[in-house]
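I have placed the structure first, in the form of structure tokens, so that the comments after it can refer back to it.
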Amino acid sequence: MPISVPLDDATPAAAAPSTCAQLPSGHRVSQKGAHNDRNTMDLAVGQQPSNSLAYTNRVYVSHPDWEFLLSRVGNPEASKIEDDALLITVNGLVFAVSPNKGIETGNIGLNSLQRRFGVFTLTQRVKVDIFESNAGLALTSVIVRVDLLAKGKVKSPLLLATEEMAGAFKAAFLSQVLQTQQPVAWDFRGTKLELIIESFQNLIPGGNCPNAGQLLQPTDVVFTKEKGAMVALSGANSGAPRDNIINPDFDFGKLGIGGLGNEFNQIFRRAFASRVFPGHIVKQLGINHVRGMLLWGPPGCGKTLIARTIGKILNAREPKIVNGPEVLDKYVGGSEERIRELFKDAEKEQQEMGDGSGLHVIIFDEIDAICKSRGSSRDSTGVSDSIVNQLLSKIDGVNSLNNILVIGMTNRKDMIDEAVLRPGRLEVHVEIGLPDEEGRLQIISIHTKSMREHKRIAPEAVGKLAELARATKNYSGAEIEGLVKSAASFAFQRNVNVKDLSQLKEEELIVEWADFQRALLEVPPRLGANSEELEVLFRNGIVPYGSSFDAIMMTLRRFVQQVRVSDRTPLLSVLLEGAPSTGKTAIAASLGVQSEFPFVRVVSADAMVGFSETAKCSAILKAFQDSSRSPLSVIVLDDLERLIDYSPIGPRFSNTVVQTLLVLLKKPPTSPDKRLLVIGTTSVAAHLEDLQLVQGFNVMLTVPQLTGPEEIKTVLREVVTSLSQKEMDDITSAISQPIGIKQLLMVTEMARQGEETVSTDRFLECLHICGF
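Heads up, the sequence shown is in full-length UniProt numbering, so the first residue is 1 and it goes up one at a time.
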């Protein structure tokens, strides 16, 4: 039902626009030569005879006064806009005037908005002149604020189609002269609106009427929503010209971000690109803006750094950054209230501005603390589940918001409720992984920038930063920062005299290349190849004892090369089987070191003593998940029978662990640029065949025992250099059955007892003690 509002009341507004006499940029128009004293009329301000006339934005005079004005028109093309409408000025303000029989001679009828604009009171005497337009007044565009004329009469925003409004606006007010901040009453399809002319663009900027412009058919009309107005604008003509939401002057290097260029490009494409375009373009595509994204990856790779700097990248309001655990409250309902409070500003602005609302960014660090899978919490309060429910309803509920972007960050994506991660909520999942070589060089350059600027780093080290980037494979950004700190600590130590701390040689404090080399040993990567841990498994070295050993090593090196270069072999698994003490673990560990793959992990039973089946499966799964973050990885599954708790009596084994291994051995890396080599070792391959565990590997190689005299002599020559040929012959002749290389080395060490020489009798005695 149309709202009827009396626009012709006699109450003038207290506020007044500035005039040309008061301010140089005022609303009142002064045109030289447009009129003279004999053309001026002196009229009294009065009301308009009917409410319908108030929506025409015209003023009205009597027919005799109209005839007088017509007789004073010098240039009809410049002053006459219709047969019954002229352009005039009323105390310097431009209006369109028409005759009306309801107006008494000597009066001029203005509605309440026009009287408010000119600060006119009823019966006030005003000067009326003829106004002549010119080409410079033509408007190319105009921005109009929209509000309901009767405020507080509706409970929900009225939806207005701005494309239809633009056509109706030009039809209603064509050729009229509009002035900045001028209020206009308008009846649009039965809805009474109050329009405010916010700003416009003249065809010739800077003319003699800078605050006035003539509405023509080619003029672009853009509608914006008045703050707090109960209207919602839609369509191509809604909203003021949009600013770029991305600051064009930002620089990743200056913000302290390196190696995340690809991730930022993906974030912009998925979350921000659609928001650069006007809302009607997005609606024409039939899509909604992305409301949420999840940044996930290993610790120290830059997720929180992105949160701290994203406000500097956005050309908008500062994002709200919340640490996940901070949401939790000790009072019942307090946690849910904090979630609602985060979205309150966005809800209020969307209700006021509609599609013109700005973007509200809410960042949750450690979001896994508040978005755990529902039903997984063991507490009886249900607080965790209700927090998830509250967040889901706010992001994409019944009254979903379109002006929000929720960014969650976690390194435990598996713990988050799947409903949070579905499309429409945190639908964009960006993995912030380990930086590549170029990214590592950027990060190193950022953390050594101050050193270089103040000449606190040696020229040799500056020249070798690229070499340092190559040496830091699988280092995260935080670990690279720690590496630089460690290198600086060696420089501090070198220039500190503990006995006399007053003698500090500041000018000699220079970080050398050797400091970075020492730091590489002190700060290993969490997802790297721990060479010290691997070298423990073959601390006595590898003895190439014969052709059978050489054949195994050659085959394994071919497998390593195949994984490195082949696009068709993202996953290769090899099982080394053989009798105990044949060096299977040492071969696997040495191969991991020789491969120079950035990620090498040994999964062994000795690290899982006392673990439950579930804990074992989780540990094994974590090793495989960590490997997926490295381009090249090696996983050694040492002593499979111990991993699965195999016992020949029964037989007994852990079926849960077996099934976990079978699944992971067949699961290739998820990313096409990742490669994985799995090496398993076992001494009971025949028993594992019944469990189908052997069939889970692509290849099985047998590591033989030492069988021939030449193989035994080769090992003895490597360990004991003082044995004569006769002594070697006596020892080898005493070993009548195959022996593992580890057993032979143990017997040799027993016989030596710290001496360089080994007697034949002593060696044979120790051999007998060991069961040979």
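From the three backbone atoms N, C-alpha and C, an ideal C-beta is built for every residue, glycine too. Just so it is clear, the structure is predicted and the values come from calculations on it, not from any experiment.
Quiz item: Do you know how far the Cα of Thr304 is from the Cα of Trp186?
Solution: 51 Å
Practice problem: Report yes if the CB atom of Thr121 is closer than 9 Å to the CB atom of Ala236, and no otherwise. | Solution: Result no, Cβ atoms of Thr121 and Ala236 do not sit closer than 9 Å.
Quiz item: What span of residues does the alpha helix (DSSP H) with Glu460 cover, start to end?
Solution: For Glu460, the enclosing alpha helix (DSSP H) begins and ends at 459-463.
Quiz item: How would you label Pro598, buried or exposed, when you count the other beta carbons within 10 angstroms and need 16 or more for buried?
Solution: Pro598 is classed as buried because its beta carbon has at least 16 other beta carbons within 10 Å across all chains shown.
Practice problem: Note down the Cα distance separating Leu640 from Asp550, rounded to an integer number of angstroms. | Solution: 24 Å
Quiz item: Is it buried or exposed for Asn202, if we count other Cβ within 10 angstroms and need 16 for buried?
Solution: Counting Cβ neighbours within 10 Å, Asn202 comes out buried, since at least 16 surround it.
Practice problem: Starting from the Cα of Thr660, find the closest Cα among Glu689, Tyr60, Lys622 and give me that residue. | Solution: Lys622
Quiz item: How would you call Cys301, buried or exposed, if buried means at least 16 neighbouring beta carbons within 10 angstroms?
Solution: buried
Exercise. Spatial neighbours of Ser335 within its chain, please: CB distance less than 7 Å, with the 5 preceding and 5 following residues excluded, ordered by chain position.
Key: Val327, Leu328, Asp329, Val383, Ile387
Quiz prompt | Cβ-based neighbour list, Ser98, same chain, cut-off 7 Å, excluding 5 preceding and 5 following | solution = Arg58, Tyr60, Asp84, Ala85
Quiz item: Using the C-alpha atoms, what's the distance from Ala212 back to Gly118?
Solution: 14 Å
Quiz item: Closest to Val771 by CA distance: which of Gln743, Thr582, Ser199, Val634 is it?
Solution: For clarity, residue 771 is Gly in the given sequence; the question names Val instead. In this structure, Gln743 is the residue among Gln743, Thr582, Ser199, Val634 with its C-alpha nearest to the C-alpha of Gly771.
Quiz item: Is there contact here, the stretch 213-222 with the stretch 403-411, by at least three beta-carbon pairs under 8 Å?
Solution: no
Exercise. Could you tell me which residues DSSP puts in a beta bridge with Gln179?
Key: Ala212
Self-check item: Whole runs of the alpha helix (DSSP H) within the UniProt domain "AAA+ ATPase" (570-707), excluding any shorter than 4 residues
Solution: 584-595, 613-627, 640-643, 655-666, 685-689
Quiz item: Are at least three pairs of beta-carbons, each pair with one atom in the stretch 487-495 and one in the stretch 607-625, less than 8 Å apart?
Solution: no
Practice problem: Compare the C-alpha of Gly279 against each of Pro210, Lys320, Leu359, Ile310 and name the closest. | Solution: Looking only at Pro210, Lys320, Leu359, Ile310, the smallest Cα-Cα distance to Gly279 is reached by Leu359.
Practice problem: State the Cα-Cα distance for the pair Leu764 and Ile731, rounded to the nearest angstrom. | Solution: 7 Å
Self-check item: Under the three-state DSSP convention, the category Glu82 falls into
Solution: strand
Quiz item: Cβ atoms of Met700 and Leu575: under 9 Å apart, would you say?
Solution: yes
Self-check item: Closest Cα partner of Ala168 within the set Gly546, Thr56, Leu426
Solution: Thr56
Exercise. Give me whichever residues DSSP pairs with Met41 in a beta bridge.
Key: Val128
Quiz item: For the beta strand (DSSP E) that contains Glu431, what are its first and last residues?
Solution: Element bounds for Glu431: 428-431.
Exercise. Report, in whole angstroms, the separation of the C-beta atoms of Val146 and Asn91, which I expect to be a contact under 8 Å.
Key: The pair is not a contact, with the Cβ atoms about 27 Å apart (cut-off 8 Å).
Practice problem: Note down, one range per segment and in chain order, each beta strand (DSSP E) of at least 3 residues found wholly within the stretch 315-385. | Solution: 320-323, 360-365
Exercise. Under the assumption that Asn474 contacts Pro299 (Cβ atoms under 8 Å), give the Cβ distance between them as a whole number of angstroms.
Key: Not quite, the Cβ-Cβ distance comes to about 13 Å (not below 8 Å), so this is no contact.
Exercise. Can you tell me the Cβ-Cβ gap for Arg675 and Leu632, rounded? I've got them flagged as a contact below 8 Å.
Key: 5 Å
Exercise. Mark Arg340 as exposed unless 16 or more other C-beta atoms lie within 10 angstroms of its C-beta, in which case mark it buried.
Key: exposed
Quiz item: Just checking my contact of Glu479 with Val523 at CB under 8 Å: how many whole Å lie between their CB atoms?
Solution: The C-beta separation of Glu479 from Val523 comes to about 6 Å, placing the pair in contact by the 8 Å criterion.
Quiz item: What does Asn202 pair with, by DSSP beta-bridge criteria?
Solution: Leu139
Practice problem: Determine the burial state of Leu69: buried for a count of at least 16 other Cβ atoms within 10 Å of its Cβ, exposed for fewer. | Solution: buried
Practice problem: State the Cα-Cα distance for the pair Ser759 and Leu637, rounded to the nearest angstrom. | Solution: 39 Å
Quiz item: Buried or exposed: Asn262, going by 16 or more other Cβ atoms within 10 Å of its Cβ?
Solution: Under this definition Asn262 is an exposed residue.
Quiz item: Are three or more beta carbon pairs between the stretch 451-458 and the stretch 506-525 nearer than 8 Å?
Solution: yes
Quiz item: What is the DSSP secondary structure of Ala232, reduced to helix, strand or coil?
Solution: Here Ala232 sits in strand by DSSP.
Practice problem: Could you name the residues of the same chain whose beta carbon sits closer than 7 Å to that of Lys227, not counting the 5 residues immediately before and after it, in chain order? | Solution: Excluding positions up to five away in sequence, the list reads Glu352.
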